[in-house]
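Before any comments, here is the structure.
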Amino acid sequence: MRKVLIVGLLLVSLSLALELRDVQIEVKGDIIMVNKKEYTISKDVKIEGPSGQELTLESLPSAKTIRLEFDKRGKVIFIKVLEWWI
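In the working numbering, the protein residues as written are 268 to 353.
Below, the structure written as C-alpha cells:
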C-alpha cells in the first residue's frame, strides 16, 4: 500500500512540471509565451537561474532550456532556467 501511495505521489508531482529545450520566450504581463504557447504566470512566481540565483521575468528571453512547475489551477508557480543561449 505504501509503495502505491509513493508511486502515485511521484506521478502527480511529475505531471505538474514541464521541461522545455531550445525555447523562444516572450513575457507579456502575466502571460509567458514559450515557443508560441501561452502559460499564465502566478502573481508570486519564483524564477531561479542555473546556479540557484533569483531572476526576474525580464531575463527569461535569454533562456535556452527551462523547467516550468504548475499549481493545480495550471498557473506557473516556479520557473527554473537550466541553460542560457550563448
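The beta-carbon is built from N, C-alpha and C at its ideal position, and this holds for glycine as well.
Look at Leu327 here: in three-state DSSP terms it is helix.
8 Å or more divides the Cβ of Ile298 from the Cβ of Ala330.
A straight line joining the alpha-carbon of Lys303 with that of Lys339 spans about 22 Å.
Relative to the Cα of Val290, the nearest Cα in the group Ile346, Glu336 and Thr332 belongs to Thr332. By DSSP's assignment, Trp352 forms no beta bridge with any residue.
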